[in-house]
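Numbering (this note's numbering), first residue to last: -16 to 406.
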């Protein structure tokens, strides 16, 4: 476990010595999120006409259309809510999060169960229909699950290596969350939560071989879920050969490929893209927004977005490396893994290297639930970065995780370099 480095009090410090200064917010991390949000505002505005110019298929009057700024205006409202909530979480002490982690997790499970039973089916997934829009509790489940699992793991210590007191109950917790989410039709979200939970478990110093066996069992269960759902099988088949059904299951994959090719370094220009009009209704500004960005801003724009997420990941894990307690470290790892893994999946879908999943691009895609929870997560992550020990949070800081023999989980070369510096 990482221990806080003791600091001398003002009375004990030598005369004239500089007093330790409390670190401020991580400006690079905040800047990465801010630029991604601004890119999202532009992308939603330029991609929305592909939906607003079409008749609404689910409206009482099928000929009804929306204003060109409809989605942008709603996105700004959710953006304000997300920023306000993130600002509160930024200043919230870790002990408060731990105190309410169980309540938040149980409330999220109850909400997931209620939506599975009573929620409306919108675009093939269950959610609450509110104010001519929708709220997906599965998005809130990501944040609540990370906080609760961090609290649960932080209190276990070496017990996490015991099957009966560590991995088994942990697996049951994750299975409950993922099961409720799969019932709602959010298979990709359940996979994302499973990946985040695995990363947090590894950081908590679980037995790797136990994790491998549990992962094998989970993989077999997921294969059964895929094989027993016809639409999931069709998605995989269309991914492997989109030309087999070019007007059906393979439609989106073919047009995503067109958006990602032949646009050059700077693309067609903002709002000048054409492939977005061929995307299925309501997906250009949500599920495939990265493809729209790539078409209209070219390779330069696509690389900028990828670089910003790379910066976010680096600074997020750097904050985890400098966290002064186990809970903060686990939360930082969980939040960073969630945001980066979700962005990777979305970019993979938009570049036709991953089957369509319906996963949004954090901070950029339209969607109130996704945007709000991502901004709340960023508020927490910035708070952890502010509390981090600046000595430990070095540019290539590594987490002080102990292997079975007491050594850190580092490569031999890295351990040698650290030993050389220490000597």
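We treat Cβ as the ideally placed atom computed from N, Cα and C, and that holds for glycine.
Rounded to whole angstroms, what is the Cα-Cα separation between residue i and residue j?
i: residue 137; j: residue 356; result: 23 Å
i: residue 58; j: residue 84; result: 28 Å
i: residue 192; j: residue 56; result: 50 Å
i: residue 282; j: residue 26; result: 15 Å
i: residue 205; j: residue 177; result: 11 Å
i: residue 82; j: residue 135; result: 11 Å
i: residue 97; j: residue 163; result: 10 Å
i: residue 250; j: residue 95; result: 41 Å
i: residue 274; j: residue 148; result: 45 Å
i: residue 9; j: residue 368; result: 6 Å
i: residue 32; j: residue 304; result: 43 Å
i: residue 195; j: residue 291; result: 32 Å
i: residue 352; j: residue 201; result: 27 Å
i: residue 21; j: residue 158; result: 36 Å
i: residue 181; j: residue 198; result: 9 Å
i: residue 142; j: residue 172; result: 29 Å
i: residue 207; j: residue 326; result: 26 Å
i: residue 54; j: residue 93; result: 30 Å
i: residue 252; j: residue 260; result: 15 Å
i: residue 126; j: residue 248; result: 36 Å
i: residue 179; j: residue 130; result: 12 Å
i: residue 88; j: residue 120; result: 12 Å
i: residue 116; j: residue 61; result: Only weak support exists for where residue 116 lies, its pLDDT of 47 falling under 50; the coordinates are left without a value.
i: residue 370; j: residue 122; result: 26 Å
i: residue 167; j: residue 101; result: 10 Å
i: residue 17; j: residue 154; result: 35 Å
i: residue 144; j: residue 336; result: 36 Å
i: residue 13; j: residue 302; result: 12 Å
i: residue 286; j: residue 146; result: 43 Å
i: residue 128; j: residue 345; result: 17 Å
i: residue 328; j: residue 338; result: 9 Å
i: residue 124; j: residue 174; result: 13 Å
i: residue 165; j: residue 90; result: 18 Å
i: residue 284; j: residue 246; result: 11 Å
i: residue 156; j: residue 188; result: 18 Å
i: residue 364; j: residue 63; result: 18 Å
i: residue 375; j: residue 67; result: 30 Å
i: residue 190; j: residue 256; result: 50 Å
So, is residue i buried or exposed, given that buried needs 16 or more other C-beta atoms within 10 angstroms?
i: residue 268; result: buried
i: residue 183; result: buried
i: residue 169; result: buried
i: residue 79; result: exposed
i: residue 288; result: buried
i: residue 86; result: exposed
i: residue 132; result: buried
i: residue 366; result: buried
i: residue 74; result: exposed
i: residue 151; result: exposed
i: residue 312; result: buried
i: residue 203; result: exposed
i: residue 321; result: buried
i: residue 114; result: The pLDDT assigned to residue 114 is 40, lower than 50, so where the model puts this residue is not dependable; a value taken from the coordinates is nonetheless given after this. Looking at its Cβ environment, which holds fewer than 16 other Cβ atoms inside 10 Å, residue 114 is exposed.
Do residue i and residue j have their CB atoms nearer than 7 Å?
i: residue 350; j: residue 340; result: no
i: residue 362; j: residue 72; result: yes
i: residue 19; j: residue 276; result: no
i: residue 330; j: residue 296; result: no
i: residue 360; j: residue 294; result: no
i: residue 99; j: residue 310; result: no
i: residue 29; j: residue 254; result: yes
i: residue 354; j: residue 65; result: yes
i: residue 160; j: residue 316; result: no
i: residue 358; j: residue 69; result: yes
i: residue 314; j: residue 372; result: no
i: residue 271; j: residue 333; result: yes
i: residue 279; j: residue 258; result: no
Less than 6 Å separating the Cβ of residue i from some heavy atom of the ligand ATP?
i: residue 177; result: The ligand ATP is not part of the structure shown, which contains no ligands of any sort.
Is there a C-beta anywhere in chain C that falls below 7 Å from the one on residue i?
i: residue 26; result: Chain labels in this structure do not include chain C; a single protein chain is all it has.
In chain order, what are the residue ranges of uninterrupted alpha helix (DSSP H) at least 4 long that sit wholly in the stretch 264 to 340? Runs of the alpha helix (DSSP H) inside the stretch 264 to 340: 272 to 305, 309 to 333.
Length-filtered (3 minimum) beta strand (DSSP E) runs lying within the stretch 174 to 212: The qualifying runs do not exist here; there are none.
Can you list the alpha helix (DSSP H) stretches of 4 or more residues lying completely in the stretch 45 to 103, in chain order? Taking only runs of at least 4 residues, the alpha helix (DSSP H) segments lying wholly in the stretch 45 to 103 are 53 to 73, 77 to 82, 84 to 101.
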